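A.B. asks: So the sequence shown is numbered by numbering that gives the first Met the number 0: it starts at 0 and just counts up by one. Before I ask anything, here is the structure I am working with.
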Amino acid sequence: MTSMPACESLCVADTDSSTESQTSLASASDPTRSFAQDLIRAFAQLPRCISPKYFYDAQGSQLFDRICELPEYYPTRIERGILREYACDIAALMEPNAELIEFGAGSLQKAGRLLKAMRRPARFVPIDISGDHLRASVSSLTEFLVEPGTARESRPGHLQIVPITADYTRGLVQALEGLPAIGPRYGYFAGSTIGNFTPDEALDFLRQAAELLRGGALILGTDLIKDPAVLHAAYNDAQGVTAAFNRNLLARANRELGADFVLDDYAHSAFYNAPENRIEMHLMALRRQTIRICGRRFQLREGESLHTENSYKFTIESARALAARAGFTPGPVWTDPARLFAVHWLQSPRKFVSNGRGNTHSSIHLA
Ligand code: AVJ
């Protein structure tokens, strides 16, 4: 990890910033401080880029939930469909009395399907960076699990639910500190959030997951390479919710760091970079800008941008190869007939093999 100076010292050095923003940052929470550091770093370098994890404050998480319901945004709908169809098959591969750990928990609807299908799940541990959103999602999950039709053993009371507010990109072991395993561990990394990582970061994350889940497995959702027109539409919806989600990064900086971004001065730009197999999102200045963040001043010329997200797309084979490099033994894959999205079963062998190629023949199931 990095050793940037704490933001309060950055702010104290400034002569011109309001006392208000200095005080609020000096006593700021860790997420606010790391947001300030990373945003300042983003504007102090070229190309300007920042981690998409900062989209997810309470408002950003709500905007993301709206994205998931958009007609153009197929990944959530398709992954939900795959789970509706195959949750029982997936759960049948899991041992009883196991625990399910979800990374980047989101709305918990898909995990709810798995929990209902699991045999006597012992514990559910959703980890998310947005605490308020996580608490709200846990209460909807609880309602879902008490509905008639849920086996008694999957109901709250039998099932322990332990939400953790943490930034799991800072390390999985750290995020789960103080929570020793109580049985076999399975992970769920849904939504193709893995696509937010660079290939190196994804490998590093998967290695940590393989280590954490030894003797268990990771259930991994990956968005698949497809017609760029379909991808383009998914990130450029007609209602402009994705644009609002993208701009929320600046809105959050205004709210949390006392920055002075004029949101209408930035265009939402999202496009498929085919050679890199990824959607890129940027915020492009429509005119010259002088911005103040945390008391520091930055300039953007017309047309300059901040790169806010990568969303890598995979083939079924490229995802399996990546997982195998991280030490997993790829197992069954569940997908939809149009092959828009895939859910992978990645077994983590009890003895960890760091470059294990494992068994790479796939059995693919179509929803
Ligand atoms: C949550 C990272 C999977 O990349 O599709 C949706 C986030 N960004 N629309 C994605 C997102 C713009 C989403 N992930």
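Positions of the beta carbon are idealized from the N, C-alpha and C atoms, including for glycine. In this text, all values refer to a predicted model and were calculated from it rather than measured experimentally.
Can you tell me which of Q61, A165, T334 puts its alpha carbon nearest to the alpha carbon of D222?
C.D. replies: What you label residue 222 is simply residue 223 of the sequence shown in a count that begins at 1. The shortest Cα separation from D222 among Q61, A165, T334 belongs to T334.
A.B. asks: Please name the residue, chosen from L107, M117, M283, that lies closest to P95 on a Cα-to-Cα basis.
C.D. replies: For the purposes of this step, residue 95 is taken as the residue at position 96 of the sequence shown. Closest by alpha carbon: M117.
A.B. asks: Along the alpha helix (DSSP H) that carries R112, what are the first and last residues, could you check?
C.D. replies: To locate residue 112, count along the sequence shown from 1; it is residue 113. Unbroken alpha helix (DSSP H) run through R112: 108-116.
A.B. asks: Which one of F297, E255, T314, A322 has the shortest CA to CA distance from A57?
C.D. replies: Within the sequence shown, residue 57 is the residue found at index 58, counting from 1. The shortest C-alpha separation from A57 is found at E255.
A.B. asks: Given 8 Å as the limit, is there contact between the region 220-240 and the region 265-276, that is, 3 or more CB pairs closer than that?
C.D. replies: Result yes; three or more Cβ-Cβ pairs closer than 8 Å.
A.B. asks: How many angstroms separate the CA atom of L114 from the CA atom of S153?
C.D. replies: In the sequence shown, residue 114 corresponds to position 115, counting from 1. In the sequence shown, residue 153 corresponds to position 154, counting from 1. Going by the C-alpha atoms only, they are around 6 Å apart.
A.B. asks: Applying the criterion that 16 or more other CB atoms from any shown protein chain within 10 Å of the CB defines a buried residue, is S20 buried or exposed?
C.D. replies: Position 21 of the sequence shown, counting from 1, holds the residue named residue 20. For S20, the predicted structure reports a pLDDT of 48, less than 50, and the residue's modelled location is therefore unreliable. The matter cannot be settled from this model.
A.B. asks: Please list the segments of the beta strand (DSSP E) lying wholly inside the region 243-282, counting only runs of 3 or more residues, in order along the chain.
C.D. replies: List check, beta strand (DSSP E) in window: 265-272.
A.B. asks: As an exercise, report each continuous beta strand (DSSP E) stretch of at least 3 residues that is fully enclosed by the region 36-77, in chain order.
C.D. replies: DSSP runs (the beta strand (DSSP E)) wholly in the region 36-77: none.
A.B. asks: Ligand 1 heavy atoms versus the CB of Y234: any closer than 8 Å?
C.D. replies: Looking up residue 234 in the sequence shown gives position 235. Yes; taking the cut-off as 8 Å, the Cβ of Y234 has a heavy atom of ligand 1 nearer than that.
A.B. asks: Could you pull the DSSP bridge partners for Y185 from this structure?
C.D. replies: Looking up residue 185 in the sequence shown gives position 186. Per DSSP, L99, A216.
A.B. asks: Tell me, which residues are paired with T307 by DSSP?
C.D. replies: Taking the sequence shown and counting its residues from 1, the one referred to as residue 307 is at position 308. DSSP, once it has assigned bridges, lists no residue as partnering T307.
A.B. asks: Please classify C87 as buried or exposed, where buried requires at least 16 other C-beta atoms within 10 Å of its C-beta.
C.D. replies: Here residue 87 refers to the residue found at position 88 when the sequence shown is read from its first residue. So C87 counts as exposed.
A.B. asks: Report the option in N245, R213, A252 whose CA atom is closest to the CA atom of E98.
C.D. replies: The residue labelled residue 98 in the question sits at position 99 within the sequence shown. Among N245, R213, A252, the Cα nearest to that of E98 is on R213.
A.B. asks: Would you kindly check if the distance between the Cβ of H343 and the Cβ of I160 is under 9 Å?
C.D. replies: Start at 1 with the first residue of the sequence shown, and residue 160 comes out as number 161. Start at 1 with the first residue of the sequence shown, and residue 343 comes out as number 344. The answer is no: Cβ separation not under 9 Å.
A.B. asks: Among all the DSSP beta bridges, which residues are the ones paired with R122?
C.D. replies: Counted from its first residue, the sequence shown places residue 122 at position 123. Looking at the DSSP assignment, R122 forms a beta bridge with E98, Q159.
A.B. asks: Tell me which residues share the same chain as L211 and place their Cβ nearer than 6 Å to its Cβ, disregarding the 5 neighbours each side in the sequence.
C.D. replies: Mapped onto the sequence shown, residue 211 falls at position 212. Around L211: L171.
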